[in-house]
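In the numbering used here, the protein residues as written are 508 to 649.
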């Protein structure tokens with residue numbers, strides 16, 4: 508299995524859902540949900556790919572997203588503008604926009620996630636923002 512392949516047995520997967528636009532530039536996310544009755548609620552997890560805000564792609568976390576969703580959590584892999592395209596704090600702004608989109612749109616999909624904790628699989632000690640931080644007060648150690 509390559510890094511961008513994932514075992515999606517027992518899941519519903521939506522790829523490249525547009526969550527925001529900047530002029531003609533669209534940002535996308537991928538949504539992995541467990542197959543379950545509509546009335547069953549699941550928490551949601553946002554996976555933020557590594558790369559120091561400069562490189563990487565949301566597809567890097569597909570195997571992890573599928574594995575987490577198979578455990579019963581709605582899992583989202585979001586694209587964000589990298590630092591070569593848009594200066595800091597654009598990536599954090601993009602991810603906050605993704606959270607707002609998830610909270611608004613996913614309620615209409617199966618299943619309904621009641622919360623959205625952050626998940627940072629790489630170098631969380633350096634850049635783990637929380638949805639409570641503004642771009643003026645970031646949780647960056649550098």
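Just so it is clear, CB atoms sit at the ideal spot from N, CA and C, and this is done for glycine as well.
Keep in mind that this is a model prediction, so the values were computed, not measured.
Quick one: residues in its chain with C-beta nearer than 7 Å to the C-beta of residue 575, no 5 flanking neighbours on either side, listed in chain order?
552, 582
With burial defined as no fewer than 16 other Cβ atoms inside 10 Å of the residue's Cβ, what is the status of residue 524: buried or exposed?
buried
Which residues DSSP lists as bridging residue 569, in chain order:
Looking at the DSSP assignment, residue 569 forms no beta bridge with any residue, so it has no partner.
Rounded straight-line distance, which links the Cα of residue 526 to that of residue 608
6 Å
On a CA-only basis, which of 528, 597, 538 is nearest residue 612? Give me that one, please.
538
Do residue 586 and residue 535 come within 7 Å of each other at the CB atom, strictly closer than that value?
yes
Alpha-carbon to alpha-carbon, residue 589 and residue 624
Confidence is the limiting factor: at residue 624 the pLDDT is only 44, short of 50, which leaves the residue's position unreliable and the question unanswerable from this model.
Return the residue from the list 541, 569, 565, 516 that minimises the CA-CA distance to residue 602.
565
Got a sec, what are the start and stop residues for the alpha helix (DSSP H) residue 608 sits in?
597–612
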